[in-house]
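In what follows, a single structure is set out as structure tokens and then discussed.
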Amino acid sequence: MASAALGAMPTRPRRTRVLRPGVWILPPLAALGFAFLYPLALVALQSFSPDDGGHSVEPWREVLASAAFRNALWNTVWIASGATAGCVVLGFFLALVIAFVPFPGARALGRFIDTFLAFPSFLIALALVFIYGSTGMANSLLTGLTGSHGTPIAFLATPWGVLLAEVTYFTPFVMRPLLAAFSQVETAQIETASSLGARPWRIVHQVILPEALPSLAAGGSLALVMCLNEFGIVLFTGAKGVTTLPTLVYSRAILQSDYPAACAIAMVNVLLSVALYGVYRLCLRGRHRRGGSRAGA
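Just so you know, the sequence shown maps onto residues -16 to 280 in the working numbering.
In structure tokens:
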């Protein structure tokens, strides 16, 4: 009887411990801190640690006062800005053609752009060296036709060669968000504007461009950030006298063993990249906000 009564009594449910949501974020934060934040903190600390010991702002004072740093900063800014402008113009035009001009292979070309994003940058520079280098196909063809012994095409070893290589490589990074934005443009608006007599460039300016402007700004900001930190293209083109911040860091750290100065230059590059990444995130947020407002309407 007692056992039957005990069997009839309701049993208490076991208490299961549920981890708070904040606990689950600790492992990725620890991994991020160990893999990225800790090395970055070491670089920042090394930039204030001269070779003679102690901590001082002397490495920063030396770097900021040097003509090599100012020249590298100027080269980095103008090459990155010029390459970004070229990427924006060329990327907008190519994305416009792929999205709104029907031709065979447009879908395959769009998929190739997705594949192109995975290519390393030095492959593009190496391909340009094979074509326009001093012993490349173009120079070999011209010397064979003219009989000259010089180098008819020598722009690849100049800043313009670096600019061409960066525009070639980073244009798809602008095209990808633009193609996504163009796919959301309502064709009814284009057809209505066309039926009212609007010319193609007016349709692009008044109908398509306002819809794609946040995506264009996001892609351009991303290209600018990546151009600021590009190292492989400058190295593989062999441009003489073209020193950017990444190559200056390499020169000071590897060739001159001046680690405090290299870390100070690297921190300047990091600060520039973080500031531009903030601009990119703002542009991306504006793009999502515009998409949400369109969906709500």
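Quick reminder that beta carbons are idealized off the backbone N, C-alpha and C, glycines included. Just so you know, these numbers come straight off a predicted model, no measurement behind them.
When rounded, the separation of the alpha-carbon atoms in Ala121 and Ile136 is 8 Å. Where Asp35 is concerned, there is no enclosing alpha helix (DSSP H), because DSSP gives it neither an H nor an E. Taking the Cα of Leu139 as reference, the smallest distance to any Cα among Leu20, Pro229, Ile237 and Lys223 is reached at Lys223. Here Ile107 is buried: its Cβ has 16 or more other Cβ atoms, across all protein chains shown, within 10 Å.
The DSSP-derived three-state label of Thr118 is coil.
Contact annotation: Glu174 and Glu213 have beta-carbon atoms that are not nearer than 8 Å.
By the beta-carbon neighbour count (other beta carbons within 10 angstroms, threshold 16), Arg159 is buried. Note on Tyr21: under 16 other CB atoms within 10 angstroms of its CB, so exposed under the neighbour-count rule.
Looking only at Leu128, Tyr242, Leu218 and Leu254, the smallest Cα-Cα distance to Pro33 is reached by Tyr242. Nearest neighbour of Asp97 by Cα position, chosen from Pro183, Leu162 and Leu79, turns out to be Leu162.
DSSP, read as helix, strand or coil, puts Asp97 in helix. Cβ neighbours of Ser204 within its own chain (closer than 7 Å, five residues either side excluded): Leu259, Val262, Tyr263 and Cys266. Shown here for Phe153: same chain residues with a beta carbon closer than 7 Å to its own, the five before and five after excluded, namely Ala66, Cys70, Ala206, Met209 and Cys210 in chain order. Residue Leu79 holds the alpha-carbon nearest to the alpha-carbon of Leu196 among Ala51, Leu79 and Ser49. Between Ala101 and the set Leu109, Pro155 and Ala63, the nearest pair of CA atoms involves Pro155. Here Phe165 is buried: its Cβ has 16 or more other Cβ atoms, across all protein chains shown, within 10 Å.
In terms of Cβ geometry, Leu231 and Ala24 do not form a close pair [threshold 8 Å]. Of the candidates Val40, Trp43, Glu41 and Ala63, the residue whose Cα lies closest to the Cα of Thr226 is Ala63. Put simply, the backbone Cα of Pro42 is about 19 Å away from that of Leu255. By the neighbour-count criterion, in which 16 or more other beta carbons inside 10 Å mark a residue as buried, Ser39 falls on the exposed side. Ser240 and Pro10 have their C-alpha atoms some 36 Å from each other.
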